[in-house]
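Q: One structure coming up, written as structure tokens, with questions to follow.
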Amino acid sequence: MGRGPSIEARKNATDAKRGKIFTKIIREIGVAARAGGGEPANNPRLRAAVDKGLSANMSKDVIERAIKKATGELEGVVFEEIRYEGYAPGGVAVIVDCLTDNRVRTVAEVRHAFGKHGGNMGTEGSVAFMFKRLGVLSYAPGADEEKITEAAIEAGADDIVVYPDDGSIDVVTAPDAFQAVKEAMTAAGLAPGHAEITYRADNDIRVEGETALQVKKLLDMLEDLDDVQDVYSNADLGADAYA
Numbered sequence: 044m045g046r047g048p049s050i051e052a053r054k055n056a057t058d059a060k061r062g063k064i065f066t067k068i069i070r071e072i073g074v075a076a077r078a079g080g081g082e083p084a085n086n087p088r089l090r091a092a093v094d095k096g097l098s099a100n101m102s103k104d105v106i107e108r109a110i111k112k113a114t115g116e117l118e119g120v121v122f123e124e125i126r127y128e129g130y131a132p133g134g135v136a137v138i139v140d141c142l143t144d145n146r147v148r149t150v151a152e153v154r155h156a157f158g159k160h161g162g163n164m165g166t167e168g169s170v171a172f173m174f175k176r177l178g179v180l181s182y183a184p185g186a187d188e189e190k191i192t193e194a195a196i197e198a199g200a201d202d203i204v205v206y207p208d209d210g211s212i213d214v215v216t217a218p219d220a221f222q223a224v225k226e227a228m229t230a231a232g233l234a235p236g237h238a239e240i241t242y243r244a245d246n247d248i249r250v251e252g253e254t255a256l257q258v259k260k261l262l263d264m265l266e267d268l269d270d271v272q273d274v275y276s277n278a279d280l281g282a283d284a285y286a
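As numbered in the numbering used here, residues 44 to 286 make up the sequence shown, in order.
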């Protein structure tokens with residue numbers, strides 16, 4: 044019987060993944076600060092990025108340094124936002140949001156990922172129309188549905204989704220109302236387990252078997268690229284993708 048990875052190897056893999064997460068958050072903080080100023084109270088996008096950093100246990104010093112680099116107080120690299128769109132196997136629509144200091148490198152890496160796993164890149168706007176931008180506050184199974192529903196309605200949320208398979212709950216908001224709803228829910232003692240402004244598809248596409256496995260490999264490869272911040276798709280993956 045083969046031995047599994049050593050404790051040190053697992054730790055190194057965890058540290059590497061944590062490093063990638065930190066890199067992505069730092070880039071988001073920088074772009075948000077450069078676009079809307081370095082004061083989170085007056086910059087909702089920056090505030091959301093800072094909250095994401097704190098949730099990932101990023102130190103305040105690291106966050107402040109990223110903001111200072113973006114606002115010119117410290118020397119730093121300038122990143123630009125780029126979006127790529129395309130299709131994974133099975134007709135699954137994919138959006139790839141990137142922050143990069145080298146557009147040529149980024150498009151080559153994204154195109155390679157699509158090509159390697161049976162997908163293809165599309166033109167700008169080719170799939171984005173299938174998605175809506177919204178805020179999502181997520182609650183784990185066992186959360187109090189009645190209390191969450193009541194507080195969410197009071198806070199101005201657009202929708203409350205209860206998933207019948209496990210009882211988890213999503214509170215859905217307009218992007219502009221996200222921060223206010225999140226603060227109201229937290230103040231009511233109902234802090235979400237996870238909260239973000241994201242894109243969700245109007246309709247999902249169910250994929251199973253080998254196709255589902257290919258789609259998952261493509262999405263995983265895209266998410267693992269250093270220049271990629273977020274990957275959105277309308278895939279409803281069957282169990283085969285996680286076998």
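Every residue, glycine too, gets a C-beta built ideally from N, C-alpha and C.
#1: Closest to Arg-146 by C-alpha separation, out of Pro-83, Lys-103 and Asp-270, would be which residue?
#2: For a quick check, are the C-beta atoms of Ala-99 and Leu-89 less than 8 angstroms apart?
#3: Tell me the rounded alpha-carbon separation between Asp-263 and Gly-79.
#4: Output the distance between the C-alpha atoms of Glu-189 and Gly-232, rounded to the nearest integer angstrom.
#5: Excluding the 5 residues preceding and the 5 following Ser-276 in the sequence, name in chain order all residues of the same chain whose CB lies nearer than 7 angstroms to its CB.
#6: With DSSP as the reference, label Thr-149 as helix, strand or coil.
#7: Following the continuous alpha helix (DSSP H) through Leu-97, name the residue where it begins and the one where it ends.
#8: Ends of the alpha helix (DSSP H) at Ala-195?
#9: Using three-state DSSP, classify Leu-265 as helix, strand or coil.
#10: Can at least three beta-carbon pairs, one atom from the segment 104 to 120 and one from the segment 151 to 166, be found at a separation below 8 angstroms?
#11: Just grab the DSSP bridge partners of Arg-176 for me.
#12: For the candidate residues Glu-128, Ile-72, Leu-180 and Arg-108, whose alpha-carbon lies nearest to that of Val-214?
#13: Where do the N-terminal and C-terminal ends of the beta strand (DSSP E) with Asp-273 fall, by residue?
#14: Taking the straight line between their C-alpha atoms, what separation do you get for Pro-35 and Thr-192?
#15: Out of curiosity, what's the CA-to-CA distance linking Gly-161 and Asp-104?
#16: Mapping the DSSP letters down to three states, classify Leu-256 as helix, strand or coil.
#17: When DSSP builds the beta bridges, which residues end up paired with Ala-78?
#18: Can you list, in chain order, the residues of its chain whose CB lies under 8 angstroms from that of Met-164, leaving out five sequence neighbours each side?
#19: Buried or exposed: where does Pro-235 fall if 16 or more other Cβ atoms within 10 Å of its Cβ makes it buried?
#20: Helix, strand or coil: how does DSSP classify Val-250 here?
A: Taking the definition as stated:
#1: When each option's Cα is compared against that of Arg-146, the closest is Asp-270.
#2: no
#3: 31 angstroms
#4: 13 angstroms
#5: Ala-131, Val-135, Ala-136, Val-137 and Leu-262
#6: helix
#7: 87 to 98
#8: 188 to 198
#9: Look at Leu-265 here: in three-state DSSP terms it is helix.
#10: When Cβ pairs closer than 8 angstroms are counted between the two stretches, the segment 104 to 120 is seen not to touch the segment 151 to 166, the count staying below three.
#11: Tyr-242
#12: Leu-180
#13: 271 to 276
#14: This structure leaves residue 35 out entirely; the chain is present only between 44 and 286.
#15: 42 angstroms
#16: helix
#17: According to DSSP, which records beta bridges pairwise, Ala-78 is partnered with nothing at all.
#18: Tyr-127, Glu-128, Gly-129, Val-153, Arg-154 and Phe-157
#19: buried
#20: strand
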